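See structure below.
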Amino acid sequence: MTCGIPSWLIFLWQILGGISLALFVTSFVFILLNKKLPNREKMLWLLGTLLLPIVGPVLFLTLGRYGK
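Heads up, the sequence shown is in our numbering, so the first residue is 677 and it goes up one at a time.
The structure is reproduced here in structure tokens:
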């Protein structure tokens, strides 16, 4: 135990952090490589994924991935 925090809780936070990072990187690459999205929408999606690190990538991968 580190500072009174159980080791399983630290492990859980590491797993959630890894998933969050993977979602962020995946959505970031998809946004930049998406040819269907205009540049303005790309910038908005990038800003949304930066400001909302868990919700932003999930929203993009479900709603914004295919453009209009």
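Glycine included, C-beta positions come from ideal geometry on N, C-alpha and C. Quantities reported herein were computed from a predicted structural model and do not represent experimental measurements.
Would SER703 and LEU737 qualify as a contact pair, given that the criterion is a beta-carbon distance under 7 Å? On the sequence shown, position 27 is the one that residue 703 refers to. On the sequence shown, position 61 is the one that residue 737 refers to. For SER703 and LEU737, yes; Cβs fall inside 7 Å.
Let's test the definition: count the other Cβ atoms within 10 Å of the Cβ of ILE707 and tell me whether it reaches 16, buried, or not, exposed. Position 31 of the sequence shown, counting from 1, holds the residue named residue 707. Buried, since its Cβ has 16 or more Cβ neighbours within 10 Å.
Got a sec, what are the start and stop residues for the alpha helix (DSSP H) LEU713 sits in? If you number the sequence shown from 1, residue 713 lands on position 37. No alpha helix (DSSP H) holds LEU713; DSSP gives it neither H nor E.
Which same chain residues, not among the five before or five after ARG754, have their C-beta less than 8 Å away from its C-beta? There is no way to answer for residue 754, as the model of the chain reaches only from 677 to 744.
If the criterion is Cβ atoms closer than 7 Å, does the pair LEU685 and PRO733 meet it? The residue given as residue 685 occupies position 9 in the sequence shown. The residue given as residue 733 occupies position 57 in the sequence shown. Not a contact, by the Cβ cut-off of 7 Å.
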